[in-house]
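Structure record follows, encoded as structure tokens.
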Amino acid sequence: MKFDALLFDFDGVLIESEYAGNRQIADFLSAAGHPTSPEESMEHFMGLAGPDFLAAIKRRIGTTLPQGFHEAREAEDARAMAEGIEAVAGAVAFVSALPPALPRAIVSSSATRWIDRHLRHIGLRDAFGDHLYSGREHVERGKPAPDLYLHAAQALGVPIERIAIIEDSPVGATGAVASGAYVIGLCAGTHCGVGHADRLRALGVDAIAGNFDEVAALLV
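Here the working numbering is used: position 10 in the sequence shown is 11, and no number is missing along the way.
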């Protein structure tokens, strides 16, 4: 393997949460009088979390958040936590086939509680040990800042230049590229439509992979 460690984004890389989550946002905003398609929601909000996520919605609709927004998001999160979210095609086999001693970590904008729950659902919890890192919990500046990736690299004890990062969102790709790692733009999830790879290329990712077989080929 050409790299000494791997960093994985989570939503949209290992689990199919991006389309469902953005569809819920689009449906809610549309019902509140701000017509939004799932594709538009993904374009403007994908990869964001916390204050950055809320600020992006306010900018997009040009006003304050509609009444009931937070409650609707909490209900959607509760549903997903109860039911579990399926893996992106090929993700489980790819992670399971990695050399056991290869350092790896999750670097996500989601909370560690969310990451832990869905890793257990897809059977990969043991593959990452204690290395679950959240932009909400482990750094002051989340994505698109590079801080989360640098934090994970330090925790793994591997120079960032010797690490490959797998990212799917423009927000994540921006931070990953800025970190100085080798960045693979993954377009394997159902949320990756026409033009998604081009958006990632424009942000400076080192390579594009349409599936996890292509990711594997880039690492050797």
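Note that beta-carbon positions come from the ideal geometry of N, C-alpha and C, so glycine has one too.
Going by beta carbon distance, what residues of the same chain come within less than 6 Å of residue i, once the five residues before and after it are set aside?
{"i": "G85", "result": "H122"}
{"i": "E130", "result": "In the sequence on display, residue 130 carries Gly and not Glu. There are no such residues."}
{"i": "F95", "result": "F213"}
{"i": "V206", "result": "A174, V184, G186"}
{"i": "A73", "result": "F29"}
{"i": "V14", "result": "I167, D169, L187"}
{"i": "H35", "result": "I62"}
How should residue i be labelled, buried or exposed, when 16 other C-beta atoms within 10 angstroms of its C-beta is the threshold for buried?
{"i": "K224", "result": "Outside the displayed span of the chain (2 to 221) sits residue 224, for which this structure offers no information."}
{"i": "V195", "result": "exposed"}
{"i": "V221", "result": "exposed"}
{"i": "T37", "result": "buried"}
{"i": "G22", "result": "buried"}
{"i": "P145", "result": "buried"}
{"i": "G63", "result": "exposed"}
{"i": "P39", "result": "buried"}
{"i": "A50", "result": "buried"}
{"i": "E19", "result": "buried"}
{"i": "H71", "result": "exposed"}
{"i": "P101", "result": "exposed"}
{"i": "P52", "result": "exposed"}
{"i": "G136", "result": "buried"}
Could you round the C-beta distance between residue i and residue j to whole angstroms and report it? I think they count as a contact, below 8 Å.
{"i": "S111", "j": "D12", "result": "6 Å"}
{"i": "A189", "j": "V89", "result": "5 Å"}
{"i": "L8", "j": "V108", "result": "5 Å"}
{"i": "R114", "j": "L120", "result": "Incorrect: roughly 11 Å between the Cβ atoms, too far for contact."}
Return yes when the Cβ of residue j is within less than 8 Å of the Cβ of residue i, no when it is not.
{"i": "D28", "j": "G173", "result": "no"}
{"i": "E215", "j": "G186", "result": "no"}
{"i": "A1", "j": "L157", "result": "It is not possible to answer for residue 1, since the shown part of the chain is limited to 2 through 221."}
{"i": "G124", "j": "L149", "result": "no"}
{"i": "A32", "j": "A106", "result": "no"}
{"i": "H192", "j": "M2", "result": "no"}
{"i": "F46", "j": "I16", "result": "no"}
{"i": "A182", "j": "A210", "result": "no"}
{"i": "P171", "j": "R200", "result": "yes"}
{"i": "L103", "j": "I116", "result": "no"}
{"i": "L204", "j": "S180", "result": "no"}
{"i": "R202", "j": "F4", "result": "no"}
Excluding the 5 residues flanking residue i on each side, which residues of the same chain have their C-beta closer than 8 Å to its C-beta?
{"i": "T65", "result": "K59"}
{"i": "R118", "result": "M82, G85"}
{"i": "R80", "result": "none"}
{"i": "A198", "result": "G186, C188, I209, G211"}
{"i": "G91", "result": "A189, N212, F213, D214"}
Give me, in chain order, the residues of the same chain whose beta-carbon lies closer than 7 Å to that of residue i; leave out the 5 immediate sequence neighbours on both sides.
{"i": "G48", "result": "S110, K144, S170, P171, V172, G173"}
Taking only runs that begin and end inside the segment 102-188, name each unbroken beta strand (DSSP E) of 3 or more residues, in chain order.
Here the runs fully enclosed are 105-109, 133-135, 164-168, 183-187.
Starting from the N-terminal side, write out each stretch of the alpha helix (DSSP H) that is 4 residues or longer and does not extend beyond the segment 49-82.
Entirely contained in the segment 49-82, the alpha helix (DSSP H) runs reaching 4 residues are, in chain order, 51-62.
What residue ranges within the segment 3-40 form continuous alpha helix (DSSP H) runs of no fewer than 4 residues, ordered along the chain?
19-32
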